[in-house]
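Anchor point for the sequence shown: position 122 equals 122 in our numbering, and the numbering is continuous, going up by one each time.
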Amino acid sequence: MRAAGCVFAEDEARLLFSAARTPDELTALVERRACGHPLEHILGWAEFCGLRIAVEPGVFVPRRRTEFLVSRAVHTRPDADVVVDLCCGSGAVGAALAASLPGRGTELYASDIEPAAVRCARRNLPEGARVFQGDLFEPLPGLLRGRVDILAANVPYVPTEEVGLLPAEARMHEPLVALDGGTDGLDVLRRVTAKAGEWLAPGGILLFETSEHQAAGALAAVAEGGLEPAAAICDERYATVVVGTKTAC
Ligand SMILES: C[S@@+](CC[C@H](N)C(=O)[O-])C[C@H]1O[C@@H](n2cnc3c(N)ncnc32)[C@H](O)[C@@H]1O
């Protein structure tokens, strides 16, 4: 596996070893990994905020850096009653928020445009959560308008021209719609910031990840959407999260 370019070959080998039921199965798993399939797609799960998140082939693998977005949301709105995980992918962010928010009875909603992601999120989100398929806000129930306390929207944000520079694992095994954010990477984001204010409750927050060089454009999009923008950076995770707050009046 090291020869095939796996950076954490020993750790990965241990995981594959524990996942295989027979020596033949182990050989098949190692071969898939050596061919470049993401480890998480082979195992069928990814670790995220201390949870095991089911991840099926064709679904975006939740990144550990996104744990920073979850921690910002919980830190800023520990009292959240209504949470939406927009562009939910596997539902990792929503599942982690449900597990981390101290309150009981949080209403949780999620949506994604990809059927495989929606299927996966339904496996990962707790009982009572509702997962919809469709374009951004379009499939959400109208009764959520003006009621959302946390709107997590980890949208695709890779500029189209840079998609080809991503590691093969992402390019070959994650859907383009999960990666490609348009010419400057902010196309999907701008569609979210334009509408977020309609769905947020007073004091509600929109959170999304961006790259350091896109942060200025992302903050401007938040301000144009009528929300108060702020950025938070985690050097350890190499993560930049933008938070847009709907001010109370
Ligand atoms: C970068 S992935 C993030 C997934 C998940 N939130 C996470 O952090 O692991 C972006 C997700 O947005 C979804 N997506 C892209 N465009 C969308 C749209 N117009 N409406 C709904 N979902 C969309 C993709 O299918 C993908 O699952």
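Positions of the beta carbon are idealized from the N, C-alpha and C atoms, including for glycine.
Just so you know, these numbers come straight off a predicted model, no measurement behind them.
List the whole-angstrom C-beta distance separating residue i from residue j, where the pair is believed to meet the contact cut-off of C-beta under 8 Å.
{"i": "G204", "j": "V243", "result": "Contact flag wrong, Cβ pair sits at about 11 Å."}
{"i": "A95", "j": "L125", "result": "6 Å"}
{"i": "V93", "j": "T66", "result": "6 Å"}
{"i": "A98", "j": "A129", "result": "7 Å"}
{"i": "T247", "j": "E228", "result": "6 Å"}
{"i": "A232", "j": "V222", "result": "Not really, about 13 Å apart at Cβ, beyond 8 Å."}
{"i": "T193", "j": "G225", "result": "4 Å"}
{"i": "P102", "j": "P78", "result": "6 Å"}
{"i": "L16", "j": "L26", "result": "6 Å"}
{"i": "L151", "j": "A121", "result": "Contact doesn't hold; Cβ gap of about 16 Å is too wide."}
{"i": "L143", "j": "V163", "result": "L143 to V163, Cβ: 37 Å. No contact."}
{"i": "L186", "j": "R72", "result": "At roughly 20 Å, the Cβ-Cβ gap does not stay under 8 Å, so L186 and R72 are not in contact."}
Using C-beta distances below 6 Å, list every residue in its chain close to residue i, excluding the 5 sequence neighbours before and after it, in chain order.
{"i": "V188", "result": "V155, P156 and G181"}
{"i": "E174", "result": "F60"}
{"i": "A239", "result": "R65 and F68"}
With a threshold of 8 Å on Cβ separation, who are the neighbours of residue i within its own chain once the five nearest residues in sequence on each side are excluded?
{"i": "D184", "result": "P159, Q214 and G217"}
{"i": "M1", "result": "A9, E12, A13, V30, R33 and A34"}
{"i": "I53", "result": "W45, A46, E47, P62, S90, G91, A92, A95 and N124"}
Would the beta-carbon of residue i be found less than 7 Å away from any heavy atom of ligand 1?
{"i": "C256", "result": "This structure cannot settle anything about residue 256, because the visible part of the chain is limited to 1 through 249."}
{"i": "N124", "result": "no"}
{"i": "D135", "result": "yes"}
{"i": "T66", "result": "yes"}
{"i": "F60", "result": "yes"}
{"i": "S71", "result": "no"}
{"i": "I113", "result": "yes"}
{"i": "A178", "result": "yes"}
{"i": "H92", "result": "Note on identity: in this sequence residue 92 is Ala, with His being the wrong assignment. Indeed, a heavy atom of ligand 1 lies less than 7 Å from the Cβ."}
{"i": "A194", "result": "no"}
{"i": "V241", "result": "no"}
{"i": "P159", "result": "no"}
{"i": "A117", "result": "yes"}
{"i": "V148", "result": "no"}
{"i": "P156", "result": "yes"}
{"i": "V188", "result": "yes"}
Please return the same chain residues whose Cβ sits closer than 7 Å to the Cβ of residue i, not counting the five positions on each side in sequence.
{"i": "C87", "result": "D112, A153, N154 and V155"}
{"i": "R145", "result": "E198 and W199"}
{"i": "E266", "result": "In the structure as shown, the chain starts at 1 and stops at 249, and residue 266 therefore has no counterpart that could be examined."}
{"i": "A20", "result": "L26 and L29"}
{"i": "E40", "result": "A46, V55 and V61"}
Any heavy atom of ligand 2 closer than 7 Å to the Cβ of residue i?
{"i": "P175", "result": "Summarising the ligand content, the structure contains ligand 1 and does not contain ligand 2."}
- Runs of alpha helix (DSSP H) lying entirely within the region 168-196, each at least 4 residues, in chain order: Taken in chain order, the whole alpha helix (DSSP H) runs of length 4 or more contained in the region 168-196 are 168-173.
- Message: So within the region 91-149, which uninterrupted beta strand (DSSP E) runs reach at least 3 residues, ignoring any that extend past its ends?
- Response: 107-112 and 130-133
- Three or more C-beta pairs below 8 Å linking the region 102-119 and the region 128-145: yes
- Query: Is the region 100-108 in contact with the region 72-88, if contact means three or more CB pairs nearer than 8 Å?
  - Reply: yes
- Which whole runs of the beta strand (DSSP E) in the region 5-55 are 3 residues long or more, in chain order? 45-48 and 51-54
- What are the complete alpha helix (DSSP H) segments, minimum 4 residues, inside the region 193-249? Qualifying alpha helix (DSSP H) stretches, in chain order: 215-224.
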